[in-house]
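Each residue of the sequence shown is one higher than the one before, starting from -14 at the first, in the working numbering.
Quick reminder that beta carbons are idealized off the backbone N, C-alpha and C, glycines included.
Heads up, the thing below is written out as structure tokens.
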Amino acid sequence: MTTPVYDPYEEAKKQLRKAVDLLGYGDEVYEVLAVPDRVLEVKLPVRMDDGTVKVFIGWRSQHNCALGPYKGGVRYHPNVHKNEVIALSMWMTWKNALAGIPYGGGKGGIRVDPRKLSFAELERLSRTFFHAIADIVGIDRDIPAPDVYTNPQTMAWFMDEYSRKVSNQILGIVTGKPKILGGLNVRMISTGHGTAITAREAAKKLWGTVEGKTVALQGFGNAGQYAAKSLYEWGAKIVAVSDSKGGIYSSKGFNAEELIKWKVEKGTVVGFPEAEKTFKSDDPLYLDVDILIPAALENAITKENVDKVKAKIIAEAANGPTTPEADVELAKRGVVVIPDILANAGGVIMSHIEWVNNRMGGWIKEEEALARLEEKMTNNFEEVWKFWEEIGRDHPMRDAAYGVAVKRVVEAMKLRGWI
Ligand code: NAD
């Protein structure tokens, strides 16, 4: 295997070092947390539709279980590599700890281009993978979920393969399942709705309310659409939205529900009749708005374009949309950048509710699930904000979020007698 040039695991370790130093812990804490508990590498021979056998490779990394069973998605991608999976599993430890749910961090991956496989080949690959990792997962050990290029159908195959193997119907072995197999419909809205909650809470801190505040979104997929919808329902003005095909603007603000309908039907926001003007996909980033929601890709705001960003609050629906240099610059300018680890945790919080619901035999009402999400997101936001004020708001809010997360994990490790 060739060593990748950019190593996300090195980045993850740097972030950990920063948090450990900020909290005043010693090297011992860093060393215990810098290495995952276990990484399983598995060979995945799969019979293709033409009768040949192809061998794929996959991993499951279990980073830390101080707070509970490992939890995190499985991605299918042609470039995924072991260190990426390890880094993502460490990142899940912090994300779950910050979310306030009783989970550690895990992540899985298969090096494959799923777009080149037939439905039947994908099923065989998914079953082979889950069979291969079955000995280290479990409803109280490690609970996978969807990630890049995996979806509720993949989770149904995982759950079925596991249930066959243990001769028991274990719906809660994975989350993000189809509704009929124990999933929750509200899972679809939970990431975007959660991001909107954090933006609303930040707006309350700065201006007392989110009502009447202007919002721009870069990216209008699952996360962007539901962030826009909730903010629209709370009286914010959605003035700009974009997707990979282009962007649209309205000084009066868009009706988010109508816009979602249009996007679903036409595949793009471009052409929406209420638009006053059309612009490029990246243009929402540079508008003079109160709230900006990057909801597309990583590295949207970098040291090259940070000077052009004028929003006062940035709520990161996407993973990693702000580079570390840009983050530092924005903090210096007094911009509130709500970090991804806090702003897009709605999905994983809803996963926890799905898991609880499976264990209770399907007891929870969807409105109860939403009320829990609201409570968790606001509490987590409040706690991070408090710690941010303690460390000083000239630091990126991200430092405070990592601080709260790492502190929770370390506290659990101390009580368990690990350190
Ligand atoms: P998605 O595929 O549903 O939507 C992505 C959107 O971004 C699409 O509208 C696409 O057209 C748009 N886009 C792509 N390139 C663009 C560009 N250059 N400029 C403007 N728009 C562009 O994906 P999603 O599920 O909404 O995820 C978006 C981000 O949120 C990703 O970073 C993802 O990792 C993160 N995230 C999503 C979830 C979730 O539950 N959906 C959870 C956590 C994090």
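Excluding the 5 residues flanking it on each side, V389 has same chain C-beta neighbours closer than 7 Å at L83, E368, V369, F372, in chain order. For I323, there is no enclosing alpha helix (DSSP H); the residue is part of the beta strand (DSSP E) that begins and ends at 321 to 323.
Closest by C-alpha distance to A260, out of V224, V5, E289, G57, is V224. Secondary structure at D384: helix, using DSSP grouped into helix, strand and coil. By the Cβ neighbour-count rule, F115 is buried, with 16 or more other Cβ atoms within 10 Å of its own. Following the DSSP letters along the chain, one finds L29 inside the beta strand (DSSP E) bounded by residues 23 to 32.
Contact check between the segment 29 to 48 and the segment 115 to 124: three or more CB pairs, one atom from each, fall below 8 Å, which counts as touching. Contact check for S229 against A281 passes: the beta carbons are separated by less than 9 Å.
Each of L315, R172, Q154, I286 was checked against the Cα of E353, and the nearest Cα belongs to R172. CA-CA distance, T135 to R60, rounds to 6 Å.
When DSSP assignments are scanned along the segment 272 to 354, the uninterrupted stretches of alpha helix (DSSP H) that are 4 or more residues long and fall wholly within it turn out to be 309 to 317, 325 to 328, 331 to 344. If you ignore the 5 residues before and after H48, its C-beta comes within less than 6 Å of the C-beta of P21, S74, M75, T78, G90, all in its own chain and listed in chain order. Counted as a single uninterrupted DSSP element, the stretch harbouring V40 is not any alpha helix (DSSP H) but the beta strand (DSSP E) occupying residues 38 to 49. Within the segment 106 to 152, complete alpha helix (DSSP H) segments of at least 4 residues are found at 137 to 151, given in chain order.
No heavy atom of ligand 1 is found nearer than 8 Å to the CB of A390. Spanning the alpha carbons of Y55 and G85 requires a straight line of approximately 14 Å.
Taking A181 as the centre and dropping the five residues before and after it, the same chain places the C-beta of A212, S215, L216 closer than 6 Å to its C-beta, in chain order. Counting of Cβ neighbours within 10 angstroms places T37 among the exposed residues, the total staying below 16. Beta bridge pairing from DSSP links Q203 with S227, P279.
Annotation: the continuous beta strand (DSSP E) that includes H62 extends over 55 to 62. Considering only A201, A385, V395, H62, the residue with the shortest C-alpha distance to I299 is A201. In this structure, S215 has its beta carbon at no less than 8 Å from each heavy atom of ligand 1.
Annotation: T263 is outside any alpha helix (DSSP H); the continuous beta strand (DSSP E) that includes it extends over 262 to 264.
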